[in-house]
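S.K.: Protein chains in written order, with the numbering used here: chain A, 9 to 291; chain B, 2 to 200; chain C, 980 to 1341. Every residue, glycine too, gets a C-beta built ideally from N, C-alpha and C.
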Amino acid sequence: MTDYNFAYLDEQTKRMIRRAILKGLAIPGYQVPFASREMPMPYGWGTGGVQVSAAVLTPEDTFKVIDQGADDTTNAVSIRTFFERTAGVETTTTTCDASVIQTRHRIPEEPLSEGQILVYQVPIPEPLRFLEPRESETRKMHSLEEYGLMHVKLYEDISRHGHIATSYAYPVKVEGRYVMDPSPIPKFDNPKLGDMAAIQLFGAGREQRIYALPPYTQVVSLDFEDHPFEASKADHPCGMCGAIDSYLDELIIDDTGGRMFVCSDTDFCEARQLAGHKGKDAA
Amino acid sequence: MQAQALSGGFADPATQSAHAFRSIMEAMARPGTLHGVSGALPPAPLSRAAGAVLLTLCDTETPAYLAGGANCDAVHAWLAFHTGVPLVGPSHCRFAVGSWSALTPLSAYPIGTSEYPDRSATLIVECPELTDSGEILTGPGIRNNAALSLPEVAAFQSNHALFPLGLDFIFTCGDRLAALPRSTKVCAPMGATEVTPCM
Amino acid sequence: MYVAVKGGERAIENAHAWLAEERRGDMDIAELGIAQIREQLSLAVNRVMAEGSLYDPDLAALAIKQARGDLIEAIFLIRAYRTTLPRFGASEPVDTGAMTCDRRISATFKDLPGGQVLGPTFDYTHRLLDFKLAADGDVPEAPSREAAADSVPHVTEFLNHEGLIEEAPQEDTPPPDLTREPLETPAERALRLQALTRADEGFILGLAYSTQRGYARNHAFVGELRIGSVAVKMEIPELGFAVEIGEVTLTECETINQFKGSKTEPPQFTRGYGLVFGQTERKAISMALVDRALRWEELGEDNVGAPAQDAEFVLYHADNIQATGFLEHIKLPHYVDFQSELELVRKLRREAGVDQVQEAAE
């Protein structure tokens, strides 16, 4: 891959993305349009995250990629390999050793620190899209801070089901201004978005949007006084490491429907197991 | 002059602009923190930090305004060769560079529109000194509060009042920089002679 | 005891190796050459160039070979390659009036200057499988004559002399480029045309067909369809004049659409326009119909709510690389979001008392 520039993208493209990142940081939660490039991987498979990572990486960085919390899912492996080849950066699976972490659908369990950058892959950056398919309309709604429709939708859930029936990509309000889609993370992860020490960058390639949360930004999950937001997860301990406070994947382990629950964050789970913690299904 | 125009750019653009960008990004993400940048040797009166910011962020797609002393032949030639940035007046610029007194008043610059608040200028303010003391900053990117030596207070307060519209600032001095996005709230330091209430 | 699934890296490597083997197929069968694809599957090559937005028959042929004949995959390869290419400048607008035509037909005038030239078309072939081709592809030489030296003026120019068709004023501002700027609506016509020319042929065909069937019907006549090569010229600043840097084959379709007039416009014919790389006439005609449908607003027509009138709908869904990527991404793991849905549905069912009812029934 030596025919390509450092981190694949040409310098002009990186400058364009970098400018968008800076505006994103200056206007937390606002979606900055950017001229997303066609990447050598399909739209919808992390092209936004990859472009943002390519624009922030330096040769000295240590890079980690997770998909569904895991380092070894195929698309995470594929993206990690892409940057090993095109940027020659060190990679790691250890959360605290990484300076840049690209993620799809999870925030690591271990709190991130000030030196770190978390890059999210975002499929549909517009939190209002499911209420209003037109970009021209949703842009207006954001400009007028017209978020009533969103509250109506959430409240309809409550009157129908007794609960807000949104369990992932749960909308948040940033610094009391922009309603933002946190990408399809489970709502269990929502409380980690606010007041995070690390910089959070969101890239949506196909939809051509970049947005950001600077560290220690106020992020509130939308809710109602009588129905406060509740972060939820499967009510089980991890079968491998015994953790009771981590987000769990459910696995079907036999053909009679036997199930077990395991941390979705593989690095977190392995570190706990190495430290001697043991769940009921561990060897 | 010609030789000066051709030199002083990034020797290794991919790596040096990556490093410079990380400094700029950290500065913008954490208002009030100081960061070193290197690799650029622009002609006077530009500081090395301002030169690095221009090389990292500007190109033919970003009209720029050179204010006051920065608007000189040596800077024109250097920017033309290394960035190709088109030079314009303040009302159409994406970036502006100069001393605070040359850049003001701020009303001259685009602050974005309500649908596209990102279409606003970023001002690169050359400062005689730059320290993490002085005006008190609060807001996104700042844990409790931070301090930064700003050239004044009121202009940044009225800029913040425009949020989500407004200008963003990168302060440069020698080979260091700091930043102040529009989201930051600025107060005069305790015990300042001229009390400016928080806005 | 449970052992976590590992080995994504090895799985990917093995999948790639198997894919390469499948691409090659039976090793006893001669391998396809790029030149064979370029020469004998030229319409596939043309489609890949058109939707890949890159005019290079050899690269398109290579992409088709690599993609095992999956044209959208081949278009994707070309697009990803294209974005890494440096840009040296912009050519001047091509002059399709000076096209060396292989084919030129008009459905509106029986005869006209430049004549009707059928060219290499499937139009009047009987669609009977030619079993001879299975054995032997040699063909007798087609009759030929010297190309006529006459100019081949655009049909719409004749109507224009009489003022019967809307003006198509020359625009000298550089058109926007959706490969360099994020798409924004409302989009001006130049940007819409750029989106349409690289749009998925099937999508544009379906939309065009829908206008014919009444969803924003615009009564299109193919004023002219021409296929041939045009010179590409570029102004070299050092020289101060434009020089020819190459030649491309294009298909151009101009439709003449009936128009009763509106509050702002007198009764006259209006235009739809299609211009596509290569011999791609289905796409060019479709493009012209969709272009015309999207112009309802500037012509003061009613929005009847037809899909082909909805610029935002058309432009945001016409690109097959965007569409296929997002569509296929649902193959990727969604354990985490699915798990959160699972928990939610269980909770709602518990509270609705559904599970107790089932348990009682058991």
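Count the other C-beta atoms from every protein chain shown that fall within 10 angstroms of the C-beta of Thr63 (chain B), then say buried if there are 16 or more, exposed otherwise.
M.R.: Result: buried.
S.K.: Could you list the residues in the stretch 1261 to 1294 of chain C with a C-beta less than 7 angstroms from some C-beta on chain A, going in chain order?
M.R.: Glu1291
S.K.: Give the residues from the stretch 126 to 156 of chain B that approach chain A closer than 7 angstroms (Cβ to any Cβ), ordered along the chain.
M.R.: Pro141, Gly142, Ile143, Arg144
S.K.: For Trp79 (chain B), which residues of its own chain have a beta-carbon under 6 angstroms away from its beta-carbon, when the five flanking residues on both sides are left out?
M.R.: Ala6, Pro43, Pro44
S.K.: Just by C-beta distance, which residues in the stretch 147 to 162 of chain A are closer than 8 angstroms to chain B?
M.R.: Arg147, Lys148, His150, Ser151, Leu152
S.K.: Locate the beta strand (DSSP E) running through Met1213 (chain C), then write down its first and last residues.
M.R.: 1199 to 1215
S.K.: Spatial neighbours of Ala1187 (chain C) within its chain, please: C-beta separation below 6 angstroms, excluding the five flanking residues on both sides.
M.R.: Ser1265, Leu1268, Val1269
S.K.: What residues match up with Val127 (chain A) in a beta bridge as DSSP calls it?
M.R.: A:Gln110, A:Leu209
S.K.: Identify the contact partners of Asn13 (chain A) in chain B, using a Cβ-Cβ distance below 7 angstroms as the criterion.
M.R.: Per Cβ cutoff of 7 angstroms: Ala15.
S.K.: Pairing CB atoms from the stretch 174 to 193 of chain B with CB atoms from the stretch 31 to 39 of chain B, are three or more of them under 8 angstroms?
M.R.: yes
S.K.: Answer yes or no: do Ile137 (chain B) and Tyr224 (chain A) have a C-beta to C-beta separation smaller than 8 angstroms?
M.R.: no
S.K.: Give the residues of chain B in contact with Tyr38 (chain A), contact being defined as C-beta atoms less than 8 angstroms apart.
M.R.: Pro118, Asp119, Pro165
S.K.: How many Å lie between Val196 (chain B) and Phe170 (chain B) at the Cα?
M.R.: In this prediction, Val196 (chain B) scores a pLDDT of 49, lower than 50, which makes its location untrustworthy; the coordinate-derived value is nonetheless stated afterwards. When rounded, the distance between both Cα atoms is 23 angstroms.
S.K.: State whether the stretch 90 to 99 of chain A contacts the stretch 1314 to 1334 of chain C, with contact taken as three or more CB pairs (one from each stretch) at a distance under 8 angstroms.
M.R.: Too few Cβ pairs lie closer than 8 angstroms, so no.
S.K.: Can you look up Tyr117 (chain B) in the DSSP assignment and give me helix, strand or coil?
M.R.: coil
S.K.: Below 8 angstroms on the Cβ atoms is my guess for Pro194 (chain A) versus Gln1318 (chain C); work out the distance and round it to an integer in Å.
M.R.: 7 angstroms
S.K.: In chain A, which residues lie with their C-beta within 9 angstroms of the C-beta of Ser18 (chain B)?
M.R.: Under a criterion of Cβ atoms nearer than 9 angstroms, the residues of chain A adjacent to Ser18 (chain B) are, in order, Glu19, Lys22, Arg23, Arg26.
S.K.: Measuring straight from C-alpha to C-alpha, what distance separates Glu1141 (chain C) and Arg1168 (chain C)?
M.R.: Rounded to the nearest whole angstrom, the C-alpha separation of Glu1141 (chain C) and Arg1168 (chain C) is 25 angstroms.
S.K.: What distance in whole Å lies between the Cβ atoms of Ile125 (chain A) and Val180 (chain A), which are believed to be in contact at a cut-off of 8 angstroms?
M.R.: Actually they do not touch by this definition, with Cβ atoms about 19 angstroms apart.
S.K.: Within its chain, find whatever has a CB closer than 8 angstroms to the CB of Phe82 (chain B); leave out the 5 residues flanking it on each side and keep chain order.
M.R.: Ala6, Leu7, Gly10
S.K.: Over what stretch of residues does the alpha helix (DSSP H) that includes Ile958 (chain C) continue unbroken?
M.R.: This structure cannot settle anything about residue 958 (chain C), because the visible part of chain C is limited to 980 through 1341.
S.K.: Any beta carbon from chain B within less than 8 angstroms of Leu201 (chain A)'s own beta carbon?
M.R.: no
S.K.: Between the Cα of Ile252 (chain A) and those of A:Val73, A:Lys286, A:Tyr178, A:Gln20, spot the shortest distance and give me the residue it belongs to.
M.R.: A:Lys286
S.K.: Chain A beta carbons: is any one of them nearer than 8 angstroms to that of Arg177 (chain B)?
M.R.: no
S.K.: Under a three-way DSSP split, which group does Asn1139 (chain C) fall into?
M.R.: helix
S.K.: To be precise: take each residue of the stretch 220 to 242 of chain A, compare its Cβ to all Cβ atoms of chain B, and keep it if any distance is under 7 angstroms. Which residues remain?
M.R.: Cβ contacts with chain B come from Pro222, Pro223, Tyr224, Thr225.
S.K.: Listing by chain order, which chain C residues have their CB less than 7 angstroms from the CB of His169 (chain A)?
M.R.: Leu1327
S.K.: Answer with buried or exposed for Trp53 (chain A), where buried requires no fewer than 16 other C-beta atoms within 10 angstroms of its C-beta.
M.R.: buried
S.K.: What residues of chain A sit near Leu58 (chain B), judged by a beta carbon separation below 8 angstroms?
M.R.: The answer, in chain order, is Arg23, Arg26, Arg27, Leu30.
S.K.: Under 8 angstroms, with one C-beta from each stretch per pair, do the stretch 1302 to 1318 of chain C and the stretch 246 to 260 of chain A reach the 3-pair mark?
M.R.: When Cβ pairs closer than 8 angstroms are counted between the two stretches, the stretch 1302 to 1318 of chain C is seen to touch the stretch 246 to 260 of chain A, the count reaching three or more.
S.K.: Is the beta carbon of Gly90 (chain B) sitting closer than 8 angstroms to the one on Gly69 (chain B)?
M.R.: no
S.K.: Strictly by DSSP, which residues pair up with Val187 (chain A)?
M.R.: A:Lys181
S.K.: Exposed or buried, what is Met1028 (chain C) when buried is set at 16 or more other beta-carbons lying within 10 Å of its beta-carbon?
M.R.: Around the CB of Met1028 (chain C), 16 or more other CB atoms lie within 10 Å, so the residue is classed as buried.
S.K.: What residue does the alpha helix (DSSP H) around Lys31 (chain A) start on, and which one ends it?
M.R.: 19 to 34
S.K.: Can you give me the Cβ contacts of Ala999 (chain C) inside the same chain, cut-off strictly under 7 angstroms, excluding the 5 residues immediately before and after it?
M.R.: none
S.K.: Using 8 angstroms as the Cβ pair cut-off and three pairs as the minimum, do the stretch 1164 to 1179 of chain C and the stretch 1242 to 1251 of chain C touch?
M.R.: Contact between the stretch 1164 to 1179 of chain C and the stretch 1242 to 1251 of chain C is absent, because fewer than three Cβ pairs lie under 8 angstroms.
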